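Participant:
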Amino acid sequence: METDQLIRTLAADQNVRSRSVGSVLAMALLCALPISLAGFFAVLGFRPDIMTAMHNPFFDFKFVVTSSLAASAIAVGLHLSRPDASPRGWIWLLLIPLALLGCGVMSEMMMPQSRPWLVRLIGNNSRACTMAIPALALPLLAGALIGLRQGAQARPALAGALAGLMSSGLAATLYASHCTDDSPLFVITWYSLATALVTAIGALAGSKLLRF
Amino acid sequence: MRGRDDEWTDLMRSANAGDGTAYQRLLRAVTPVLRAGARRGLARAGQPGDQAEDIVQDILLAVHLKRHTWDANAPFAPWLFAVARNKLIDALRRRGRRIFVNIDDFAETLAGEPAAETVPAREVAGHLETLPARQRDVVKSIAVDSASIKATAAKFNMSEGAVRVALHRGLASLASRLRKD
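Residue numbers (this note's numbering), protein chains in the order written: chain W, 1 to 212; chain S, 1001 to 1181.
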């Protein structure tokens, strides 16, 4: 085919309006969310004492951290869906959840505690946490990757890693309402481990799926 | 290159507003620049320049299918060159070459550069044959026979909407086939 023939053909294909990456990503995540929710309620469910737990600031703080991870990953992921976008100036947004978590650890350290720090760090649910978050994240990761495919990423593995971060942020927000370990030390250890796992899977999948 | 970049940006804005003539003018205007950049990139990687036209068509398809990722408030040229660079790297990687793409391969057009003879592209035409029948017929009718959407619809006894959908899907499958081989 001559290049000029191709150009005429492309020009003929003008009326199909392409959706923005943001709306496709939102739609894909909304489609994936019920799957994760179903899994959550079938296997885990809310912790029994959730009404009293809500008065514990460290319980509530888990949601601040996990939702800020999801939000910052979505913001950076959408920014990098343009081929000419640079991660510079944006990537630091991902430090917000980590910085928040650091503040949480410090403030817990400054309070009198009945249990030693290592006991709080290990907690009671470390295994459940590192398995449940990735399991809840997988449908969301698939949704995030489908959504980001609408973009044109210059760095597919990085974009995939961001899909991993957004999906683990959302999955961890769900899981946090089940888990009875509220210590920021527990969160910074096990939630981070689970997030790192999902992020690695996302980066690997992204390097294959997000090339355009 | 200020004047040229502004002109491209204006054309792309009109194209997004539905001006098909502006869109064709824009694609025709960028093609020689992309061709020169592709040649430069191939030469730098020690590759013969005869694949340049394939790379140009690959870039044009990507520009078309990803144009919604261009921010209409930003200049068009940096976005275009980012897409082009990505496609050039991809092409070199598929041919097992070490990647060495200079940022400026596309951005700099040497004044008075001779228009080297073009070797026709083969990849898009080759993949066209492997498309599902309906998509292939529609794309061929519009690309090769220069038929309009309307004439194509009449020829295949389809609605114009169905022709548009088949055309768009056909172009998207062409792009994904180019990515895979």
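Positions of the beta carbon are idealized from the N, C-alpha and C atoms, including for glycine. A quick note: this is a predicted structure, and the numbers were derived from the prediction, not measured.
1. What separation, rounded to the nearest whole angstrom, lies between the Cα atoms of residue 150 (chain W) and residue 84 (chain W)?
2. Would you verify that the beta carbon of residue 1027 (chain S) is, or is not, closer than 8 Å to some beta carbon of chain W?
3. Less than 8 Å separating the beta-carbons of residue 1 (chain W) and residue 1121 (chain S)?
4. Judging by CA-CA distance, which residue of S:1081, S:1050, S:1076, S:1119 is the nearest neighbour of residue 1007 (chain S)?
5. Taking only three categories from DSSP, how would you classify residue 179 (chain W)?
6. On the CB-based measure, 16 or more other CB atoms within 10 Å of its CB, does residue 92 (chain W) come out buried or exposed?
7. Would DSSP call residue 1071 (chain S) helix, strand or coil?
8. Would you kindly work out how many angstroms separate the C-alpha atoms of residue 1009 (chain S) and residue 170 (chain W), rounded to a whole number?
9. Looking at the structure shown, is residue 1130 (chain S) part of a helix, part of a strand, or coil, going by DSSP?
10. DSSP state of residue 80 (chain W), grouped into three classes?
11. Determine whether the Cβ of residue 113 (chain W) lies closer than 8 Å to any Cβ atom of chain S.
12. Which same chain residues end up closer than 7 Å to residue 130 (chain W) when comparing Cβ atoms and leaving out the 5 residues on each side of it in sequence?
13. Between S:1131, S:1144, S:1157, which has its C-alpha nearest residue 4 (chain W)'s C-alpha?
14. Output yes if chain S places a C-beta closer than 8 Å to the C-beta of residue 8 (chain W); else output no.
15. Listing by chain order, which chain S residues have their CB less than 8 Å from the CB of residue 58 (chain W)?
16. Could you give the distance in angstroms between the alpha-carbon of residue 1044 (chain S) and the alpha-carbon of residue 1058 (chain S)?
17. Count the C-beta pairs between the stretch 153-163 of chain W and the stretch 119-139 of chain W that are closer than 8 Å, then say yes if the count reaches three, no if not.
18. Please check the pair residue 89 (chain W) and residue 166 (chain W), which I expect to be a contact at CB under 8 Å, by giving their CB distance rounded to whole angstroms.
19. For chain W, check one thing: does any of its Cβ atoms lie closer than 8 Å to the Cβ of residue 1149 (chain S)?
20. Using 10 angstroms around the beta-carbon of residue 1086 (chain S), count the other beta-carbons present and answer buried if the total reaches 16, otherwise exposed.
21. Can we say the stretch 103-111 of chain W touches the stretch 136-148 of chain W, given the rule of at least three CB pairs closer than 8 Å?
22. Verify the CB distance criterion: does residue 1179 (chain S) have a CB-CB separation below 8 Å to chain W?
23. Taking all protein chains shown into account, do 16 or more other C-beta atoms lie within 10 angstroms of the C-beta of residue 1054 (chain S), making it buried, or fewer, making it exposed?
24. Cutting at 7 Å between CB atoms, please list the residues of its own chain near residue 143 (chain W), excluding the five before and the five after it.
25. On the three-state DSSP scale, how would you describe residue 114 (chain W)?
26. When we look at the beta-carbon of residue 1062 (chain S) and count the other beta-carbons within 10 Å, is it buried (16 or more) or exposed?
27. Give the residues from the stretch 1003-1018 of chain S that approach chain W closer than 8 Å (Cβ to any Cβ), ordered along the chain.
28. For residue 53 (chain W) and residue 36 (chain W), what's the separation of their Cα atoms in angstroms?
29. Beta carbon of residue 147 (chain W), beta carbon of residue 202 (chain W): below 8 Å?
30. Taking one C-beta from the stretch 1132-1150 of chain S and one from the stretch 1160-1171 of chain S each time, how about it: are there three or more such pairs within less than 8 Å?
31. Does the beta carbon of residue 36 (chain W) come closer than 8 Å to any beta carbon on chain S?
32. Distance, Cα to Cα, residue 41 (chain W) vs residue 116 (chain W)?
33. Starting from the Cα of residue 39 (chain W), find the closest Cα among W:211, W:175, W:207 and give me that residue.
34. Using only the alpha-carbon positions, how far apart do residue 61 (chain W) and residue 100 (chain W) sit?
35. Expressed to the nearest angstrom, what Euclidean distance is found between the alpha-carbon atoms of residue 71 (chain W) and residue 126 (chain W)?
Facilitator: Once the coordinates are examined:
1. Here the question's residue 150 (chain W) lines up with position 150 in the first sequence. Here the question's residue 84 (chain W) lines up with position 84 in the first sequence. Taking the straight line joining both Cα atoms gives about 15 Å.
2. Taking the first residue of the second sequence as 1, we reach residue 1027 (chain S) at position 27. Yes, its Cβ sits closer than 8 Å to a Cβ of chain W.
3. Here the question's residue 1 (chain W) lines up with position 1 in the first sequence. Here the question's residue 1121 (chain S) lines up with position 121 in the second sequence. Contact: yes.
4. In the second sequence, the residue the question calls residue 1007 (chain S) occupies position 7. Of the listed residues, the one whose Cα sits closest to residue 1007 (chain S) is S:1076.
5. Reading the first sequence from its first residue, position 179 is the one you call residue 179 (chain W). Reduced to three states, the DSSP call for residue 179 (chain W) is coil.
6. Translated into positions along the first sequence, residue 92 (chain W) becomes position 92. Residue 92 (chain W) comes out exposed.
7. Position 71 of the second sequence, counted from the first residue, corresponds to residue 1071 (chain S). Three-state result, residue 1071 (chain S): coil.
8. Against the second sequence, residue 1009 (chain S) aligns to sequence position 9. Against the first sequence, residue 170 (chain W) aligns to sequence position 170. Their Cα atoms are separated by approximately 38 Å.
9. Your numbering for residue 1130 (chain S) matches position 130 in the second sequence. Coil at residue 1130 (chain S), not helix or strand.
10. Here residue 80 (chain W) is taken as the residue at index 80 of the first sequence, counted from 1. Residue state, collapsed to three classes: coil.
11. For the purposes of this step, residue 113 (chain W) is identified with residue 113 of the first sequence, where counting begins at 1. It does not: the Cβ of residue 113 (chain W) has no partner Cβ on chain S nearer than 8 Å.
12. The count along the first sequence starts at 1 and reaches residue 130 (chain W) at position 130. These residues qualify, in order along the chain: 190, 193, 194.
13. As a position in the first sequence, residue 4 (chain W) is number 4, starting the count at 1. For the residues S:1131, S:1144, S:1157, the minimum Cα distance to residue 4 (chain W) belongs to S:1144.
14. Position 8 of the first sequence, counted from the start, is the residue given in the question as residue 8 (chain W). Chain S, which has a Cβ nearer than 8 Å to the Cβ of residue 8 (chain W), makes this yes.
15. In the first sequence, the residue the question calls residue 58 (chain W) occupies position 58. Going along chain S, no residue has its Cβ under 8 Å from residue 58 (chain W), so there is no contact; the nearest lies around 41 Å.
16. For the purposes of this step, residue 1044 (chain S) is identified with residue 44 of the second sequence, where counting begins at 1. For the purposes of this step, residue 1058 (chain S) is identified with residue 58 of the second sequence, where counting begins at 1. Cα-Cα distance, rounded: 19 Å.
17. no
18. For the purposes of this step, residue 89 (chain W) is taken as the residue at position 89 of the first sequence. For the purposes of this step, residue 166 (chain W) is taken as the residue at position 166 of the first sequence. So it is not a contact: roughly 19 Å between Cβ atoms.
19. Counted from its first residue, the second sequence places residue 1149 (chain S) at position 149. So, interface residue.
20. The residue labelled residue 1086 (chain S) in the question sits at position 86 within the second sequence. So residue 1086 (chain S) ends up on the buried side.
21. no
22. Taking the first residue of the second sequence as position 1, residue 1179 (chain S) is located at position 179. Yes, because at least one Cβ of chain W sits closer than 8 Å to the Cβ of residue 1179 (chain S).
23. The residue given as residue 1054 (chain S) occupies position 54 in the second sequence. Residue 1054 (chain S) should be labelled buried.
24. Within the first sequence, the letter at position 143 stands for residue 143 (chain W). Answer for residue 143 (chain W): 28, 29, 31, 32, listed in chain order.
25. Along the first sequence, one-based indexing puts residue 114 (chain W) at 114. Note: residue 114 (chain W) maps to coil in three-state DSSP.
26. One-based indexing of the second sequence puts residue 1062 (chain S) at position 62. With 16 or more other Cβ atoms within 10 Å, it is buried.
27. 1015, 1018
28. As a first step, residue 53 (chain W) is located in the first sequence; it is residue number 53 there, counting from the start. As a first step, residue 36 (chain W) is located in the first sequence; it is residue number 36 there, counting from the start. C-alpha separation (whole angstroms): 23 Å.
29. On the first sequence, residue 147 (chain W) is found 147 positions in, with the first residue counted as 1. On the first sequence, residue 202 (chain W) is found 202 positions in, with the first residue counted as 1. No, Cβ-Cβ distance for residue 147 (chain W) and residue 202 (chain W) is not below 8 Å.
30. yes
31. Against the first sequence, residue 36 (chain W) aligns to sequence position 36. Output row for residue 36 (chain W): interface = no.
32. Sequence index remark: in the first sequence, residue 41 (chain W) carries index 41 (1-based). Sequence index remark: in the first sequence, residue 116 (chain W) carries index 116 (1-based). Each residue's Cα considered, the two are about 32 Å apart.
33. Stepping through the first sequence from its first residue, residue 39 (chain W) is reached at position 39. Checked all of W:211, W:175, W:207; the closest Cα to residue 39 (chain W) is W:175.
34. Position 61 of the first sequence, counting from 1, holds the residue named residue 61 (chain W). Position 100 of the first sequence, counting from 1, holds the residue named residue 100 (chain W). Computed Cα separation, rounded: 9 Å.
35. To locate residue 71 (chain W), count along the first sequence from 1; it is residue 71. To locate residue 126 (chain W), count along the first sequence from 1; it is residue 126. In a straight line, the C-alpha of residue 71 (chain W) is about 25 Å away from that of residue 126 (chain W).
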